[in-house]
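Peer 1: Residue numbers for the sequence shown follow our numbering, beginning at 60 and rising by one.
We put the CB at the ideal spot given by N, CA and C, even for glycine.
Source: prediction; values computed, not measured.
Quick one: the structure is below, and I'll ask about it shortly.
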Amino acid sequence: GKDNWKAGVDAAAAKDLFAKGVDRAGTAKWRDHALKKGPGRFAEGVYIAGPDYETGFKPYHDAISRVDLGPRFPKRDPRNLNRVKIIVDALIAEKIK
């Protein structure tokens, strides 16, 4: 709910994650891409952004690929939630590096 959203935003703000991401991308990048893509050309914009998306996602893909999820249990077995937590922890660790 709203409280969880606020807690997440506050935690990210405390670590200055948004500003770091904006600084990393830079003004020229978004301006150049907006001019190339143009309004109303979403599909083409997604295609043009593909390499940037791949580059931006790569650290998270690599973090996921490095984790050992442990054994998989039968469907609906609550122990499977530990596998989810391992992924979440790896993604958080990558994000706050």
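Could you round the C-beta distance between alanine 149 and alanine 122 to whole angstroms and report it? I think they count as a contact, below 8 Å.
Peer 2: As a working mapping, residue 149 is identified with position 90 in the sequence shown. As a working mapping, residue 122 is identified with position 63 in the sequence shown. Taking the Cβ atoms as the reference, alanine 149 lies roughly 5 Å from alanine 122, within the contact range of under 8 Å.
Peer 1: Tell me where the alpha helix (DSSP H) around lysine 144 begins and ends.
Peer 2: Taking the sequence shown and counting its residues from 1, the one referred to as residue 144 is at position 85. Run containing lysine 144: 140-154, per the alpha helix (DSSP H) assignment.
Peer 1: For phenylalanine 132 versus arginine 138, is the C-beta spacing smaller than 7 Å?
Peer 2: Within the sequence shown, numbered from 1, the residue matching residue 132 stands at position 73. Within the sequence shown, numbered from 1, the residue matching residue 138 stands at position 79. Contact: yes.
Peer 1: By the three-class DSSP mapping on this structure, what secondary structure does glycine 67 have?
Peer 2: As a first step, residue 67 is located in the sequence shown; it is residue number 8 there, counting from the start. Helix at glycine 67.
Peer 1: Over the uninterrupted alpha helix (DSSP H) stretch that includes phenylalanine 116, give me the two end residues.
Peer 2: Against the sequence shown, residue 116 aligns to sequence position 57. 101-125 is the span of the alpha helix (DSSP H), which, as asked, contains phenylalanine 116.
Peer 1: Using the Cα positions of proline 98 and threonine 86, report the straight-line distance between them to the nearest angstrom.
Peer 2: As a working note, residue 98 is residue 39 in the sequence shown. As a working note, residue 86 is residue 27 in the sequence shown. Straight-line Cα distance between these residues: approximately 18 Å.
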